[in-house]
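Residue numbers (the working numbering): 51 to 468.
Everything below concerns the one structure shown next.
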């Protein structure tokens, strides 16, 4: 029945316009044209003259003509995400020469339940939960940091405005990834339907991921300009163009290339694609430029920290020492993109090395926002000074109100005190 349906479908559809149908059609055609043996009979003895189940294609695999009252096996299909190709699927030919039907659906059934590696599935779920949990923690810290900057009204400073854009980029990035995991990754039917909205969500998610890396680059560029290229000036608008517009160009290129690749737009774009190298290379370039900034700034700082002939540390040396500490903080964040550099060295799936890579990648990626909040807000000297001054003003104001209340009360009790 399925074979007749597929034959009718292929005759009425231009399979070249649908990548999924093209894969299906190729497998279907090979099943009935080639003389290749696809499966193996489990039983060592069977009646060759007994009725036989016909050759069939179940939508994933081809099953050869099989003697009745036997069970046949073959390797699980590779094109199904979550299936282990080293495992085997089963199909049973009944005594009357018909294939076994599922007891509930009453349709011919292939047992693919053995293809699923449940240990690996549990591990993938743990990794997904690590991502969501890490992004949620970072999101809370980032929103709190942004509220502190708004509350302290420090947006008149260029440095603070760059920090705020960095926080906003990470907030949007974390929100997009949480939505991605909770609405797409957790629902196989959404992945299979491959609707426009889930593909668009993938593109938006990668755009906001790129903006977070680009704004980290802007932080490094601003520090470099302030310490090394003192006479140069870059406006906040220019930083915004770098932080928000350049990622759009990179992701647009990635989207255009991926849409041209064979099977590149299937399964909500969750499968690995060569087009992803555009994103990887862009991130690596950002990290490389940040590292070059680091080397050059350290060179300048070491030169400034050299004591004069009097061997007494001058103000420039003290300032350079403080800048060195700041430099270490500013350039710690880009190291959290290290997993992109390690992609070519990623171990084979289901190996110990691959699992270590996944855990490290999940922690580094999802907790970036938390690290940004700690380094740029919670441990920022300017923020701590502003908070201290605000609390001091609030305390003085509160004490003044209390003193006014006491004075007013005394006047009411003793009108002639004055």
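Backbone N, C-alpha and C define an ideal beta-carbon position, used for all residues, glycine too.
Quick caveat, the model's predicted, so the values are computed rather than measured.
- The beta carbon of residue 223 lies closer than 6 Å to those of 258, 259 and 262 in the same chain, with the five residues before and after it left out.
- According to the DSSP assignment, residue 143 belongs to no alpha helix (DSSP H) but to the beta strand (DSSP E) extending over 138-143.
- If you draw a straight line from the Cα of residue 88 to the Cα of residue 112, it is about 6 Å long.
- Of 109, 349 and 192, the smallest CA-CA separation from residue 417 is found for 192.
- 8 Å or more divides the Cβ of residue 333 from the Cβ of residue 278.
- For residue 223, the uninterrupted alpha helix (DSSP H) segment begins and ends at 208-230.
- Where residue 408 is concerned, the enclosing alpha helix (DSSP H) starts and stops at 402-416.
- The distance from the Cβ of residue 225 to that of residue 189 is about 7 Å, consistent with a contact at the 8 Å cut-off.
- Residue burial annotation: residue 169 is exposed, with fewer than 16 other C-beta atoms found within 10 angstroms of its C-beta.
- Taking 8 Å as the cut-off, the beta carbon of residue 178 is found closer than this to the beta carbon of residue 231.
- Classified as exposed, residue 207 has fewer than 16 neighbouring CB atoms from the shown chains inside 10 Å of its CB.
- A direct Cα-Cα distance of roughly 14 Å separates residue 432 from residue 441.
- Approximately 22 Å separates the beta-carbon atoms of residue 95 and residue 104; this is outside 8 Å, ruling out the contact.
- Taken through DSSP and simplified to helix, strand or coil, residue 282 comes out as coil.
- Selection 324, 316 and 294 evaluated against residue 307 yields 324 as nearest (Cα-Cα).
- Here DSSP, grouped into helix, strand and coil, assigns residue 174 to helix.
- Taking all protein chains shown into account, residue 247 has fewer than 16 neighbouring C-beta atoms within 10 Å of its C-beta and is therefore exposed.
- Going by beta carbons, residue 165 and residue 126 fall inside the 8 Å limit.
- Taking the C-beta atoms as reference points, residue 343 is found nearer than 8 Å to residue 274.
- Taken through DSSP and simplified to helix, strand or coil, residue 151 comes out as strand.
- Looking at the DSSP output, residue 133 bridges to 166.
- When 448, 419 and 234 are compared, the shortest CA-CA separation from residue 217 is found for 419.
- Burial state of residue 213 is buried, judged by a 10 Å Cβ sphere holding 16 or more other Cβ atoms.
- Annotation for residue 124: the continuous beta strand (DSSP E) segment containing it runs 120-125.
- From the listed residues 331, 245 and 436, the smallest Cα separation to residue 210 is found for 436.
- Put simply, the backbone Cα of residue 267 is about 8 Å away from that of residue 339.
- One alpha carbon belongs to residue 118, the other to residue 101, and they sit about 6 Å apart.
- Comparing C-alpha distances from residue 143 to each of 122, 244, 401 and 425 shows the shortest one belongs to 122.
- Nearest Cα to residue 249 within the set 229, 401 and 345: 229.
- Spanning the alpha carbons of residue 233 and residue 311 requires a straight line of approximately 25 Å.
- Contact check for residue 78 against residue 110 fails: the beta carbons are separated by 8 Å or more.
- Inside the segment 242-277, DSSP marks whole alpha helix (DSSP H) runs of 4 or more residues at positions 246-277, from first to last along the chain.
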